[in-house]
Structure formats: C-alpha cells, structure tokens
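Protein chains in written order, with the working numbering: chain H, 1 to 305; chain V, 306 to 478.
This is the structure:
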C-alpha cells in the first residue's frame, strides 16, 4: 500500500474517534487539572495559584479533615464491595453454571434486576425498608421476635456507611455474577470431563479447574469495582444527600467533590478547589489501576483453548 | 413558612435548627388551636421567631417607570397586600408591621406568637454562608447529631462558633 493511501485511511478510520474522544474526554480532563492550579477570587476572576489548592486540601485542617474522611470512607466502601460483592457474585455465578440447576434464567434475571433499576429508585426503596418509623425491616424483625436487633442503621454514624455499601453491593452484585458466569460458560466441556474422569468431584473441579481459568475475569471485575467505587456518588447522594450524614459518616470523594465544585444549599461552588479534588480522585484511581496492571495483571496466567 | 421546624436557642443565638421533615414537632393541632406555643429552652423567658429578613423586593435604579414601581412597592408594603399574602398563600406569613387578620385559625395563632416573641434572623443565610466551613452545612450536620444524641447542644454551638471564627472577621477574637 502506498504511503499516501495508508495515511488517508488512517485519518479516515481513526479521525472521528480521536476527535470525539479528545473533545469530550481528554480536553475536559486536562482542563480540570489545569483549573486545579488556579484560585477563584471574590470578584469572580481566576488567579494562578500553583499547588496552593492541593496544599490547602491536604494540610489546612478545614479542608484536609473532610478530605481524609472522604478518602477513608471511600476505601471502606471499596473494601466492602471487594469482600462482599465480588465473592457473592462468584458464588452465584458458580451456582448458576451448575448443570443440574433448574429455573436458571429466572434466577439470573432476578439477581440482575436491581442493577438495571435507577439508583434513585434503589435509594428510595431501601430508605423506606429501613425507616425506623414505618420501615418493614423493623416490622419483619419484630414479627419473628428479633425486634431488638433493629437499629436505625442509616442514621447512626457507626453503621451508615456499611449500610449504604451493602445496598450498593445488593444493587451491583449482578455485574460480577454475569461477567464470571460468562467466563465459566466459555470453559470447554472437555476440561471438566477430563477432570471428572480423573476423579475430581464438583467442588474440586471448581477450585482446581474452573477458578484458575477465570482469574483474568475476576481481575477485571476487581479493577472495575475499584474504578466505579472511587467514582461513586449517586447512591450516597440519593440516600443521604450531598451532606452525606450523619456527621459525614457516608461522605466519599464523589460527594465531597460535588459539594465543593457545585456548592450545596447555601454553600457556594468553588470550581478551582473542586477541580483539585477531582484531580486527586484521578490520581488515586490512576495509582490503583497502574498498581493492578503492573503488579497483578502481569502475573495472571492466561490459557487459550 | 420556613423549612425549619425547631430551633435550639440560648438567648438570641440559634444553636441549631431542625428541618421540618426530620422531626415530628411535639405539638399537635389541638395544642396550637388551644394557644400552646412551642416550648422554650429550660430557663429561657424570651421566645424568638425566625424571620426571613434576608429576602427583599426593591426597585431597579435604572427603571424607566419609577413612579409606577413606587406605586407597586407601596402596595406590596401595605396592610392590604399583607392580608392578601397571608390568606391566599397559606403557609406564608407577611413580615409587615400592619395588623394582619388570617382566616385560618391555626395560621392566626402562629401570627399571634409574633406579638409575644421577638424577631430573629436566619443566621446562616447570606453572608455567614460565604466561607469555609459553611455555616448552613454545619447547622444541618450538628442538628442531626444533636437529635441523634451524639452531640450536646453546647458542643454543637461551639463547633458552629469555631467554624465561623476560622474565616469570618467579626467573629475572630
């Protein structure tokens, strides 16, 4: 192929994607980072501030308190997803892929259903369920004699974050389930048959044959969970509002960013400080993804059939 | 009427405010009709009603019709308008000094409290929410904690005061 034709084809095929991606993804990203180095003056103009915003965010107690609190909460939010959502998703996928299972597609649809619902609906429904005034959680526990176990979980500083995390787990457990289920289906029957002939029972087949083959998918699910959790905002906003109460117990990076950038109630928005928080979120996610790519992804063994 | 149902006050200082949708005020309709006012904090003798003095209406200096605007503004400030507002927009109470007669008994009881109680501002509005930490956000936060019992009203007031002192010059010692 002549060089000219090659270049023309390159522009023709790559051009539109590069253009759209640059315009709507790369430019806003760079602009956000750029904004973080300015500070807004009281007359509305912006002045170069160097790393001032980051210094304020990390070292001025007025800002660093909420920042570290949000970061800590975000890690707890993520850990709960990793320790509950992904293992449960794995178990559900393993159960769904059992040959003897009846009503397979019914279970699959039902478990995946919450993922398709709007976050606002999820938040509202769970608030009604958990309400200490009229919630059915309390009535249900009382009807089986376990009423003493009930607490206003969403309203206590000690339990609000765990409750919100578990609601998010409940909503999104369908994603790891469906991804891992698909990976399990892709495993050739010959391998399973061979392992069975060699005398492995179903549980051993899962541990020694299927699990090693789906590690890449589990890795993918983990990194998706990480990125989504550190970008999370909507469920907390829907259930606890932008102030992420009680006493910021459910405040994560997304809600902190929202309050700072857009403002809240009477709080005025501060675009440059908000950009600094967004940049910190980008750095955290970048570090996490890089660590995964270099430390984990490379060691995962892949098999091709 | 304000979104706020309950205020914790010491003297003229509002310690915390509570949102209407957060609490059920321990005051029934019968209580109101019988003239029972919200309870005062222990030891306090003066009651306060929070007024929205931070909202106003005025005339644009560059208006082409200053005479007409003045007529309108005078009418807005009149006893006639105060009565119309109070009666036609139930739940809103005129701040006018004119004597207002409301058709609704409950609303009239509310208005009567104005005769006994002093007026106070919405302190977090306007100026006091222009800095960091933001007074309104802080009030939302500490009121929930006071109701939860995880923070005493005194500690809540201290947190608000300390927050203001971080950026609001008149409150810095």
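Beta carbons: idealized from backbone N, C-alpha and C, even for Gly.
Out of the options, which has the shortest C-alpha to C-alpha gap to residue i?
i, options, result
"residue 280 of chain H", "H:250, H:230, H:235", "H:230"
"residue 98 of chain H", "H:61, H:192, H:125", "H:192"
"residue 424 of chain V", "V:348, V:343, V:344, V:352", "V:352"
"residue 276 of chain H", "H:16, H:35, H:14", "H:35"
"residue 160 of chain H", "H:187, H:48, H:245", "H:245"
"residue 359 of chain V", "V:469, V:411, V:433, V:389", "V:433"
"residue 126 of chain H", "H:165, H:203, H:175, H:146", "H:165"
"residue 344 of chain V", "V:418, V:475, V:442, V:439", "V:418"
"residue 465 of chain V", "V:392, V:393, V:474, V:429", "V:429"
For the beta strand (DSSP E) containing residue i, list its first residue and its last residue.
i, result
"residue 354 of chain V", "353-355"
"residue 299 of chain H", "Neither: residue 299 of chain H is in no beta strand (DSSP E) and is coded neither H nor E."
For residue i and residue j, I'd like the C-alpha separation in whole angstroms.
i, j, result
"residue 115 of chain H", "residue 221 of chain H", "15 Å"
"residue 71 of chain H", "residue 252 of chain H", "6 Å"
"residue 76 of chain H", "residue 235 of chain H", "15 Å"
"residue 128 of chain H", "residue 241 of chain H", "15 Å"
"residue 349 of chain V", "residue 460 of chain V", "19 Å"
"residue 306 of chain H", "residue 93 of chain H", "Limits of chain H in this structure are 1 at one end and 305 at the other, which puts residue 306 of chain H out of reach."
"residue 283 of chain H", "residue 26 of chain H", "15 Å"
"residue 250 of chain H", "residue 21 of chain H", "33 Å"
"residue 347 of chain V", "residue 457 of chain V", "15 Å"
"residue 327 of chain V", "residue 260 of chain H", "Any reading at residue 327 of chain V needs caution, since the residue's pLDDT is 43, under 50, leaving its predicted position unreliable; the model's value is listed next. Going by the C-alpha atoms only, they are around 25 Å apart."
"residue 405 of chain V", "residue 397 of chain V", "12 Å"
"residue 57 of chain H", "residue 177 of chain H", "38 Å"
"residue 420 of chain V", "residue 243 of chain H", "36 Å"
"residue 301 of chain H", "residue 206 of chain H", "17 Å"
"residue 158 of chain H", "residue 453 of chain V", "12 Å"
"residue 438 of chain V", "residue 182 of chain H", "49 Å"
Just curious, the alpha helix (DSSP H) that residue i is in, first and last residue?
i, result
"residue 109 of chain H", "104-116"
"residue 181 of chain H", "174-185"
"residue 63 of chain H", "61-80"
"residue 14 of chain H", "3-21"
"residue 130 of chain H", "119-130"
"residue 39 of chain H", "Residue 39 of chain H -> not in any alpha helix (DSSP H); beta strand (DSSP E) instead, spanning 38-40."
"residue 46 of chain H", "From DSSP, residue 46 of chain H is part of no alpha helix (DSSP H) but of the beta strand (DSSP E) over 46-48."
"residue 341 of chain V", "Element bounds for residue 341 of chain V: n/a, residue is neither H nor E."
"residue 456 of chain V", "It is not in any alpha helix (DSSP H) - residue 456 of chain V carries neither H nor E in the DSSP assignment."
"residue 198 of chain H", "Neither: residue 198 of chain H is in no alpha helix (DSSP H) and is coded neither H nor E."
"residue 142 of chain H", "136-143"
Indicate whether at least one CB of chain C lies closer than 8 Å to the CB of residue i.
i, result
"residue 188 of chain H", "The structure shown contains no chain C; the protein chains it does contain are H and V."
Check each residue of the region 441-468 of chain V: if its Cβ is closer than 7 Å to any Cβ of chain H, include it; give the result in chain order. Listed by position, the residues of the region 441-468 of chain V near chain H (Cβ gap below 7 Å) are 441, 442, 445, 446, 449, 450, 453, 455.
Can you list, in chain order, the residues of the region 412-443 of chain V whose Cβ is nearer than 7 Å to any Cβ on chain H? Cβ contacts with chain H: 429, 430, 434, 435, 437, 438, 439, 441, 442.
May I have a chain-ordered list of the alpha helix (DSSP H) segments no shorter than 4 residues that lie completely inside the region 203-290 of chain H? Listed in chain order, they are 211-230, 234-240, 253-262.
Please give me, in chain order, every unbroken run of the alpha helix (DSSP H) with length at least 4 that falls completely inside the region 404-442 of chain V. Runs of the alpha helix (DSSP H) inside the region 404-442 of chain V: 410-421.
Would you list, in chain order, the members of the region 224-253 of chain H that have their beta-carbon closer than 8 Å to a beta-carbon of chain V? Across the region 224-253 of chain H, CB contacts with chain V closer than 8 Å involve 243, 245, 246, 247, 248, in sequence order along the chain.
What residues from the region 148-160 of chain H come within 8 Å of chain V, judged by C-beta to C-beta, listed N to C? Per Cβ criterion, the list reads 155, 156, 157.
Mind listing which residues of the region 258-289 of chain H have their C-beta closer than 7 Å to chain V's C-betas, in chain order? Here the close residues are 264, 265, 266, 267, 268.
Could you name the residues of the region 52-63 of chain H whose beta carbon sits closer than 8 Å to any beta carbon of chain V, in the order they occur along the chain? Correct list: 62, 63.
List in chain order: all unbroken alpha helix (DSSP H) runs of 4+ residues lying wholly within the region 360-402 of chain V. The region 360-402 of chain V contains these whole alpha helix (DSSP H) runs: 371-381, 384-393.
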